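Each residue of the sequence shown is one higher than the one before, counting from 481 in this note's numbering.
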Amino acid sequence: MTQTRFDVLTIGNAIVDIIAPVEPGFIEREGMKEGIMHLIDTDRAEDLYSKMPLTRQQISGGSAANTAAGVASLGGRAAFVGKVADDPLGDVFANDLDAIGVYYNTSRLKNGALTARSMIFLSEAERTMNTYLGACHQLTEADIRPDEIGGAAITYMEGFLWDPVEAKKAFVLAAHYAHKHERAAAFTLSDPFCVDRYRAEFLDLIRSKTIDYVFANVHELKSLYETDDLGTAVRAIAQDAELAAITMGAEGAMAVYNGEVVSVPAFPIDKVVDATGAGDLFASGFLLGMARGQNLESALKTGCLAASEVISHIGARPLLDLEDLSKQHGLAG
Numbered sequence: 481m482t483q484t485r486f487d488v489l490t491i492g493n494a495i496v497d498i499i500a501p502v503e504p505g506f507i508e509r510e511g512m513k514e515g516i517m518h519l520i521d522t523d524r525a526e527d528l529y530s531k532m533p534l535t536r537q538q539i540s541g542g543s544a545a546n547t548a549a550g551v552a553s554l555g556g557r558a559a560f561v562g563k564v565a566d567d568p569l570g571d572v573f574a575n576d577l578d579a580i581g582v583y584y585n586t587s588r589l590k591n592g593a594l595t596a597r598s599m600i601f602l603s604e605a606e607r608t609m610n611t612y613l614g615a616c617h618q619l620t621e622a623d624i625r626p627d628e629i630g631g632a633a634i635t636y637m638e639g640f641l642w643d644p645v646e647a648k649k650a651f652v653l654a655a656h657y658a659h660k661h662e663r664a665a666a667f668t669l670s671d672p673f674c675v676d677r678y679r680a681e682f683l684d685l686i687r688s689k690t691i692d693y694v695f696a697n698v699h700e701l702k703s704l705y706e707t708d709d710l711g712t713a714v715r716a717i718a719q720d721a722e723l724a725a726i727t728m729g730a731e732g733a734m735a736v737y738n739g740e741v742v743s744v745p746a747f748p749i750d751k752v753v754d755a756t757g758a759g760d761l762f763a764s765g766f767l768l769g770m771a772r773g774q775n776l777e778s779a780l781k782t783g784c785l786a787a788s789e790v791i792s793h794i795g796a797r798p799l800l801d802l803e804d805l806s807k808q809h810g811l812a813g
């Protein structure tokens, strides 16, 4: 194999997270249900955005983009592929990834949907989300570049991207280019509802060896095999996938490879503040560990360490330098 340009390249929904506190009564006045995620259309997205205070925080988001950000924080060479529009929020997304050291060069969507956004309204004790998917669902095969995929040790894709038909084609093409260059293709099941919608297709991706590495939490894995028993699900994924990485919350994580099961405990923290991004950041550590030739135990520990940092504060991106943190725990490499 030739030298890699990236340790990990991720592909997924390019979404700008916009976070702002709101005054009492705003949620109810706008017809939202507090603490619930609402899918919204273009008009609603523009209307709500115009009503957000100027003190709002805007940051590049989306599951796979969070994973790329984690890889960069760990000192890895990260890249992201995902679609934004040629608009101001598209600039926010691209500039933000550039600032944290993630390579991003996907062409912008012109004269179409707006850049996707997740508007998160903070009330007293709740986060109420309004998500507009817009341009991120317009990813096509034309956005998958052989030189970028071929230059990455591992290409990692999110199950959330499996909804649009053209994005599915892009997903499969990326796996093809990875294998053509003797690289690994990985994906995450993303969400139990995702699995319920596409169970047969996800199983086909795994069993056909289109995908080499599978990432899941316990709920997603059980849903994939329609069982309430984790042991049954683990035995099934061991038969189907080359490698599976499974997060187990407070119980830590496990990897299943060639019939071998390796488990590590979670890193202890004082308090779980916000579990958002835990799986994304676990993937950052595990993928970088695998890309750099760590054994399964070390890769799992790096993943759990990255997850422990992100759940200790609000937001899906690390606040600490994960490379320094991993060195403190003897996991850098």
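Using N, Cα and C, we set each Cβ at its ideal position, and we do this for glycine too. Keep in mind it's a predicted model, so treat the numbers as computed, not measured.
Its chain contains ALA494, THR586, LEU589, ALA615, CYS616, GLN618, LEU619 and ASP623 as the residues whose beta carbon lies nearer than 7 angstroms to that of LYS563, once the 5 sequence neighbours on both sides are disregarded; these appear in chain order. In the structure shown, VAL744 falls within a strand segment according to DSSP collapsed to helix, strand and coil. With a contact defined as Cβ atoms closer than 8 angstroms, SER743 and THR547 miss out at about 22 angstroms. Under the DSSP assignment, PHE667 falls in the beta strand (DSSP E) whose first and last residues are 664-668. GLU508 carries a helical assignment under DSSP once its states are collapsed to helix, strand and coil. Looking at the DSSP output, SER540 bridges to VAL496. In this structure, the straight-line span from the alpha carbon of ALA680 to that of TYR693 is close to 17 angstroms. A check of alpha carbon separations from LEU554 across CYS784, VAL572, ILE794 and HIS793 identifies CYS784 as the nearest. Considering only GLY759, VAL652, ALA779 and GLY773, the residue with the shortest C-alpha distance to GLY795 is GLY759. The DSSP assignment places 758-771 as complete runs of the alpha helix (DSSP H) inside the segment 758-789, in order along the chain (cut-off: 4 residues).
With fewer than 16 other Cβ atoms inside 10 Å of its own Cβ, THR522 counts as exposed. Per DSSP, ILE629 has no beta-bridge partner at all.
In this structure, ARG677 keeps its C-beta atom at 8 angstroms or more from the C-beta atom of ASP720.
Taken in chain order, the complete beta strand (DSSP E) segments of 3 residues or longer contained in the segment 665-735 are 693-697 and 723-727. Secondary structure at VAL582: strand, using DSSP grouped into helix, strand and coil. Rounded to whole angstroms, GLY570 and ARG607 show a C-alpha spacing of 24 angstroms. In this structure, the alpha-carbon of LEU780 lies about 26 angstroms from that of VAL652. When the five nearest sequence neighbours on each side are left out, the beta carbons in the same chain lying within less than 8 angstroms of the beta carbon of ASP578 are those of TYR584, in order along the chain. Straight through space, the alpha carbons of LYS689 and GLU740 are spaced by roughly 19 angstroms.
In the same chain as GLU638, and ignoring 5 residues on each side of it, the C-beta atoms closer than 6 angstroms to its own belong to GLY492, SER543, ALA544, THR668 and SER670, in chain order. Under the DSSP assignment, VAL645 falls in the alpha helix (DSSP H) whose first and last residues are 645-660.
For ILE634, same chain residues with a beta-carbon under 6 angstroms away, outside a window of 5 residues either side, are VAL488, ALA664, ALA666, LEU767 and ALA771 in chain order. When secondary structure is reduced to three states using DSSP, THR635 falls in the strand class. Looking at the DSSP output, ARG607 bridges to LEU602. Inclusion of LEU683 and ILE691 in the CB contact set at 8 angstroms is not warranted, their separation being larger than that value.
Burial check for ALA724: the Cβ neighbour count within 10 Å reaches 16 or more, so the residue is buried.
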